[in-house]
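If you read the sequence shown in my numbering, its first letter stands for residue 238, the second for the next number, and so on.
Here is the structure we will look at.
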Amino acid sequence: MKTVGIFLMLLLSAFALFAQTPGNDITRLIQSGYSERAYSTEPVTDQQLDLILKCGIKAPSARNLQAWKFTVVRDEPAMKELISNVTPGNVLIIISGKESETGTTPDFDCGLAAESMFIAAHSLGLGARIYGSPAGKVNAAKESYQIPAGYKAVVLLRIGNVDKSVDGVTAASPRKTTEEVVNFRK
Ligand SMILES: Cc1cc2nc3c(=O)[nH]c(=O)nc-3n(C[C@H](O)[C@H](O)[C@H](O)COP(=O)(O)O)c2cc1C
């Protein structure tokens, strides 16, 4: 009887081991995540927002110039002007790059900050989506969105609590295969 018990335990452990996706929490988070479009009205807390912004600030940048500014928009009418289907409780972070920064890559740096905040939001159990198209609207009315002088909006990050009725597996967009994207120089 005891031998059967031990055998079953070993079998279960082996199953648990093989059932695990390889990697760690971060790689699994990146590989299972997607850009949510559907949110609930549960608000993002100040604590969550603060942590997400700190992760953006920690992003790498060319020559560590950190030539970015993050403008937080929480009021619904202003958010709706930029993303028509925004949900109350969402937060928009407008990520702007320094205009006069020549010889470096503020747009690229802003992209990295956006991605760091995107991953941070997901790690907190929130949803997130990066938006490029509303940046033009922001830049056409910089004062109204309070973009600091000398900066232009590059991308926006929308964060919020996910609408739990959406199936994350079917909502995710497919990616190209490793063979299509990666080549190893021989
Ligand atoms: C730089 C950038 C700009 C984007 N702009 C928009 C946008 O304007 N509107 C939108 O709905 N999604 C936008 N997206 C989200 C992408 O469409 C989305 O990440 C892509 O389709 C992959 O989907 P997934 O992240 O859900 O897997 C943008 C993403 C990036 C990185």
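Even for Gly, the Cβ is constructed at its ideal location relative to N, Cα and C.
Between arginine 395 and isoleucine 289, is the Cβ-Cβ spacing less than 8 Å?
The sequence position of residue 395 within the sequence shown is 158, counting from 1. The sequence position of residue 289 within the sequence shown is 52, counting from 1. Not closer than 8 Å, so no.
Here's the rule I'm using: 16 or more other beta-carbon atoms within 10 Å means buried, otherwise exposed. How should threonine 415 be labelled?
For the purposes of this step, residue 415 is taken as the residue at position 178 of the sequence shown. Counting Cβ neighbours within 10 Å, threonine 415 comes out exposed, since fewer than 16 surround it.
Comparing C-alpha positions only, which one of Glu338, Ser353, Gly387 sits nearest to isoleucine 267?
In the sequence shown, residue 267 corresponds to position 30, counting from 1. The shortest C-alpha separation from isoleucine 267 is found at Ser353.
Just list the residues that DSSP pairs valine 328 with in beta bridges.
Locating residue 328 in the sequence shown gives position 91, counting from the first residue. Looking at the DSSP assignment, valine 328 forms a beta bridge with Ile396.
Tell me the DSSP bridge mates of valine 365?
For the purposes of this step, residue 365 is taken as the residue at position 128 of the sequence shown. Just to set this straight, residue 365 is alanine in the shown sequence, not valine. BP columns for alanine 365 point to Ile396.
If we ignore side chains and look at the alpha-carbon of each, how far apart do valine 432 and asparagine 301 end up?
Because the chain in this structure spans residues 238 to 423, residue 432 falls outside the shown range and cannot be described.
Among Ile356, Arg422, Leu393, Leu361, which one has its Cα closest to the Cα of aspartate 283?
Along the sequence shown, read from residue 1 onward, the residue named residue 283 stands at position 46. The option with the nearest alpha carbon to aspartate 283 is Leu361.
Going residue by residue through the segment 281–310, where are the continuous alpha helix (DSSP H) segments of at least 4 residues, counting only ones entirely within it?
283–294
Just jot down, in chain order, the residues whose CB lies closer than 6 Å to any heavy atom of ligand 1.
Tyr271, Ser272, Arg366, Ile367, Tyr368, Gly369, Ser370, Val392, Ala409, Ser410
According to DSSP, which residues form a beta bridge with alanine 390?
Start at 1 with the first residue of the sequence shown, and residue 390 comes out as number 153. Alanine 390 pairs with Ser333.
Look up tyrosine 276 in the DSSP assignment and say whether it is helix, strand or coil.
On the sequence shown, position 39 is the one that residue 276 refers to. The answer is strand: DSSP assigns tyrosine 276 an E or B state.
Please say whether alanine 304 and glutamate 279 have beta carbons closer to each other than 8 Å?
Working through the sequence shown from its first residue, we reach residue 279 at position 42. Working through the sequence shown from its first residue, we reach residue 304 at position 67. At a Cβ-Cβ threshold of 8 Å, glutamate 279 and alanine 304 do not count as neighbours.
Alpha helix (DSSP H) containing asparagine 322: first to last residue?
On the sequence shown, residue 322 is found 85 positions in, with the first residue counted as 1. First-last for asparagine 322: undefined, no H or E at that position.
Taking buried to mean at least 16 other C-beta atoms within 10 Å of its own C-beta, is phenylalanine 345 buried or exposed?
Numbered from its first residue, the sequence shown carries residue 345 at position 108. Classification of phenylalanine 345: exposed, given that the 10 Å Cβ count is below 16.
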